[in-house]
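Here is the structure we will look at, set down as structure tokens.
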Amino acid sequence: MDISVLAIAGSPRRHGNSEDLLDYVIGYLSGHPGIVVEKIILSKIEVNPCRGCNACEKEGICVINDDMKMLEDKITGADVIIFSSPIFCMGLCAQVKALIDRMQVFRSRRYVLKQPIIPTEKRGKKAGLFISTAGQDWDWVFDGAIPSVKCFFHLAGIRDKDMFYLMINNVDKKGEIRAHPTAKQQALKACEDIAVHIRRLREE
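When you line the sequence shown up against the UniProt record's numbering, it's residues 1 to 204, in that order.
Encoded structure:
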């Protein structure tokens, strides 16, 4: 059975540094036999902010009628979830943060209603990769984003040990990632690591 990869480009700017880095990974993964990749451009679909109404705690369904309903099925069904975001003001960009906040419906199903989220055959068999770029050169520039990233992956059924990160700082202007001395090598390593990992999970 093929390994399904859901790749979400989160930046509001098309073909910027974080999406270019995502595309490197997608390109490498697509070259692996038995891996099928679907890429979604978050800015091209409609995912509205969470209203905090808690209606999902009653029936496990979000009252907002937008493309998040489509994404829910893709998130639960994917073997590997990859999403990219630039760092804006020391955190995730608004589009990605809105997506993560809308995972509240997964939280309600799991912790309030005690409903299963992930298909039985995929539990403990999913992996995630977070890709990010930042203009600042500080080592800690990604620290503010990581807790939200982990929250997203946890609600998507991905354990800490099955999470991977590809984060490159000091690339600010559009296209700078293409001249980065190690970006492609780092993307290739992330691709190889996650491909090996997800196949190992399937064998367990």
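Even glycine gets a Cβ: it sits at the ideal position worked out from N, Cα and C.
Remember, predicted model here, so these are calculated numbers, not experimental data.
Excluding the five sequence neighbours on either side, which residues of its own chain have a C-beta within less than 6 Å of the C-beta of residue i, listed in chain order?
| i | result |
| --- | --- |
| residue 4 | 36, 78 and 79 |
| residue 55 | 63 |
| residue 195 | 32 |
| residue 123 | none |
| residue 134 | 87, 141 and 169 |
| residue 75 | 156 |
| residue 68 | 47 and 102 |
| residue 153 | 128 and 163 |
| residue 2 | 34 and 36 |
Suppose contacts are defined by Cβ-Cβ distances below 7 Å. Is residue i in contact with residue j by that definition?
| i | j | result |
| --- | --- | --- |
| residue 156 | residue 168 | no |
| residue 57 | residue 108 | yes |
| residue 42 | residue 104 | no |
| residue 6 | residue 117 | no |
| residue 21 | residue 125 | no |
If you follow the alpha helix (DSSP H) that residue i is part of, which residue opens it and which one closes it?
| i | result |
| --- | --- |
| residue 29 | 17-30 |
| residue 155 | 146-155 |
| residue 72 | 68-77 |
| residue 50 | Note, residue 50: premise wrong, no alpha helix (DSSP H); not H, not E. |
| residue 161 | Note, residue 161: premise wrong, no alpha helix (DSSP H); not H, not E. |
| residue 56 | 56-59 |
Measuring alpha carbon to alpha carbon, tell me which of the options ends up nearest residue i.
| i | options | result |
| --- | --- | --- |
| residue 114 | 60, 22 and 68 | 60 |
| residue 179 | 25, 2, 17 and 8 | 17 |
| residue 44 | 25, 23, 120 and 10 | 10 |
| residue 89 | 145, 166 and 67 | 145 |
| residue 53 | 21, 97, 101 and 40 | 101 |
| residue 19 | 97, 153 and 174 | 174 |
| residue 121 | 172, 204 and 24 | 204 |
| residue 8 | 112, 91, 151 and 132 | 132 |
| residue 39 | 149, 23 and 125 | 23 |
| residue 83 | 149, 106, 1 and 49 | 149 |
| residue 160 | 172, 147 and 171 | 147 |
| residue 172 | 2, 158 and 13 | 13 |
| residue 176 | 136, 158 and 111 | 136 |
| residue 91 | 199, 26, 143 and 181 | 143 |
| residue 106 | 25, 199, 66 and 151 | 151 |
Quick one: residues in its chain with C-beta nearer than 8 Å to the C-beta of residue i, no 5 flanking neighbours on either side, listed in chain order?
| i | result |
| --- | --- |
| residue 30 | 37 |
| residue 164 | 127, 128, 129, 130, 190, 193, 194 and 197 |
| residue 138 | 169 |
| residue 186 | 166 and 168 |
| residue 49 | 98, 101 and 102 |
| residue 51 | 63 and 64 |
I'd like the span of the beta strand (DSSP E) that includes residue i, first residue to last.
| i | result |
| --- | --- |
| residue 188 | Segment 183-203 is the alpha helix (DSSP H) holding residue 188; no beta strand (DSSP E) there. |
| residue 173 | That residue, residue 173, is in no beta strand (DSSP E); it is neither H nor E in DSSP. |
| residue 39 | 35-41 |
| residue 4 | 3-9 |
In chain order, what residues of the same chain lie with their CB nearer than 7 Å to the CB of residue i, ignoring the 5 residues before and after it?
| i | result |
| --- | --- |
| residue 188 | 28 |
| residue 93 | 10, 11, 12, 85 and 86 |
| residue 66 | 46, 47 and 48 |
>> If we require 3 or more residues per run, which beta strand (DSSP E) segments fall completely within the region 89-139?
In response: Complete beta strand (DSSP E) runs here, min 3: 127-133.
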